[in-house]
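One structure is given below, encoded as structure tokens.
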Amino acid sequence: MDDIFPNDEVFYRRVRSKPELFQDGRPSSAIFKDSRGVSVDIKGGRAIAEVILDEERLHKENLNQNSSARYKTHPKEFQLKAIISVDMELCKKEKLYILPDKVPGNPYHALIQRTEEIVILTKHQARELAKNAVIEKVYEVVS
Amino acid sequence: MYFNQTVNPIFATRSDSLDGMIGNLSDILGIFRNFIVREVTPGMEKCINVTSSPYNRDNIFVQEYEPAIIMFGDEIEKLTRSSAKAICKLHEIERLEEDWNENGAQPFGRELITLCKKIVMEMPVAPSVFPTACGSIQFEFTNEEKDYLEFEIFSDHTEIYFDCQGVEREENFQHRNNFIQHLRQVVVDFYG
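Sequence lines, in order, name chains A and B.
At position 5 of the first sequence (counting the first as 1) the number is 5 in our numbering, and the numbers step up by one without a gap.
Every number in our numbering is 1000 more than the matching position in the second sequence, counting from 1.
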């Protein structure tokens, strides 16, 4: 991993308004528990404003592709609540493994894993990411 | 009579799920009214003015926590504002569809949701409730010392995690007889 990403790399994650994954203004460690790896987007030398715009684009594209019945009847539940980030220093401290995972329309996509072989983070790792995550942008959620 | 006339509109659309409850409606509503009154305390802003029209559908409390009020039925005296919030969160989690986290997360089965509701009802302090994309539901507790207790609940076991004054500990607990009482005791001990 050390060879792939620079020490000042940052990883961004979108958080929807539903389900509510924040408590008292901070993210729950539940955000970082994913059996497919924690889905993030790499800063990749971009300006933060560019990253935010790209996250908003990806969110809209995801919704446009969403075929669920609930999205059609309750679109407000799918609003963006926040964009949060964790940095490389924290990932290194927690000995996390970052797997580059380019997908169509998003060359910056990556997955955070416990190790190269094990996907799900430990409770300690997930909690440390939640405690130290930076809330980059909070959106006004219209109910 | 006052209760029947005033309250029926709240439950009218839910009569199918309330068959066993209608017979005791007056008693239940009496308890419900006491509960509402009990909850109108300083700091609980959303309950302010609830007593002026506690059973009206326009009532903020009833609107916000209706799934919990319906679910608790004749056990409504156990319902607190925070447990109502937890039950409603589980109701929200139950409605999540495939890919709810934009990374292919799966929806939750009713069995796990029902189990979590039972656990909430037995807790001395209501947890904050969150879904994970590992097929589990996470309960979080924080005490006055900012210590942290977490239950990660799966259908067949619960993983318990403590972070007390920086000292971490984990336990893995299979769901056998009386396991909910065990979880309850963990919370009791946590809050001392």
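Glycine included, each C-beta is placed from N, C-alpha and C at the ideal position.
Supposed contact pair residue j and residue i - C-beta distance, whole angstroms, cut 8 Å
i, j, result
"residue 1127(B)", "residue 1139(B)", "4 Å"
"residue 37(A)", "residue 119(A)", "5 Å"
"residue 90(A)", "residue 132(A)", "5 Å"
"residue 48(A)", "residue 116(A)", "With 8 Å as the limit, residue 48(A) and residue 116(A) do not qualify as a contact, their Cβ atoms being about 29 Å apart."
"residue 1190(B)", "residue 1149(B)", "5 Å"
"residue 1086(B)", "residue 1129(B)", "5 Å"
"residue 1097(B)", "residue 127(A)", "Contact doesn't hold; Cβ gap of about 27 Å is too wide."
"residue 1168(B)", "residue 1160(B)", "Not really, about 11 Å apart at Cβ, beyond 8 Å."
"residue 1102(B)", "residue 14(A)", "7 Å"
"residue 32(A)", "residue 129(A)", "5 Å"
"residue 1133(B)", "residue 35(A)", "6 Å"
"residue 1144(B)", "residue 1184(B)", "Not a contact, Cβ separation roughly 19 Å."
"residue 1093(B)", "residue 1108(B)", "6 Å"
"residue 1156(B)", "residue 1175(B)", "5 Å"
"residue 1154(B)", "residue 1166(B)", "With a Cβ gap of about 27 Å, residue 1154(B) and residue 1166(B) do not count as contacting."
Where residue i sits in the DSSP three-state scheme
i, result
"residue 29(A)", "helix"
"residue 1089(B)", "helix"
"residue 72(A)", "helix"
"residue 126(A)", "helix"
"residue 137(A)", "strand"
"residue 121(A)", "coil"
"residue 14(A)", "strand"
"residue 4(A)", "coil"
"residue 1186(B)", "helix"
"residue 35(A)", "coil"
"residue 49(A)", "helix"
"residue 81(A)", "strand"
"residue 21(A)", "coil"
"residue 54(A)", "helix"
"residue 1181(B)", "helix"
"residue 97(A)", "strand"
"residue 62(A)", "helix"
"residue 1022(B)", "Residue placement at residue 1022(B) is poorly supported in this model, since its pLDDT is 36, which falls under 50; the coordinates still yield a value, given next. If DSSP states are grouped into helix, strand and coil, residue 1022(B) belongs with the helices."
beta-carbon residue i near the ligand NAP non-hydrogen atom, thresh 8 Å
i, result
"residue 1149(B)", "You won't find the ligand NAP in this model; it holds no ligand whatsoever."
Within chain C, the residues that residue i reaches when beta carbons sit closer than 7 Å
i, result
"residue 1131(B)", "The chain inventory of the structure shown lacks chain C, comprising the protein chains A and B."
Exercise for review: Please list the residues of the region 1133-1163 of chain B that have a C-beta atom closer than 8 Å to any C-beta atom in chain A, keeping them in chain order.
Suggested key: 1133, 1134, 1135, 1136, 1138, 1140, 1148, 1150, 1152, 1159, 1161 and 1163
Review point. How do the region 14-22 of chain A and the region 72-87 of chain A stand: do at least 3 beta-carbon pairs fall below 8 Å, yes or no?
Key: yes
**Study point:** Touch test, the region 49-57 of chain A against the region 1130-1144 of chain B, Cβ-Cβ under 8 Å, three pairs minimum
**Key:** no
Point to revise | Segment contact, 8 Å Cβ cut-off, at least three pairs: the region 37-50 of chain A with the region 90-110 of chain A | key: yes
Review point. So does the region 1100-1118 of chain B actually touch the region 79-98 of chain A, counting three or more Cβ pairs closer than 8 Å?
Key: no
**Study point:** beta strand (DSSP E) segments (min. 3 residues) lying fully within the region 1097-1175 of chain B
**Key:** 1128-1131, 1137-1142, 1148-1153, 1157-1164 and 1167-1174
Review point. Just by C-beta distance, which residues in the region 105-133 of chain A are closer than 7 Å to chain B?
Key: 120, 123, 124 and 127
Practice item. With 8 Å as the C-beta to C-beta threshold (strictly closer), list the residues of the region 1090-1109 of chain B near chain A in chain order. Key: 1092, 1093, 1095, 1096, 1097, 1098, 1099, 1100, 1101, 1102, 1103, 1104 and 1105
Practice item. Pull out every residue of the region 29-48 of chain A whose Cβ sits closer than 7 Å to any Cβ of chain B, in chain order. Key: 30, 33, 34, 35, 36 and 39
Check your understanding: Can you list, in chain order, the residues of the region 1167-1179 of chain B whose Cβ is nearer than 9 Å to any Cβ on chain A?
Key -> 1168 and 1170
Exercise for review: Taking a Cβ distance cut-off of 7 Å, strictly less, list which residues of the region 54-81 of chain A are near chain B, in chain order.
Suggested key: 62, 68 and 70
Practice item. Compile a chain-ordered list of the residues in the region 1116-1129 of chain B whose CB is closer than 8 Å to at least one CB of chain A. Key: 1128
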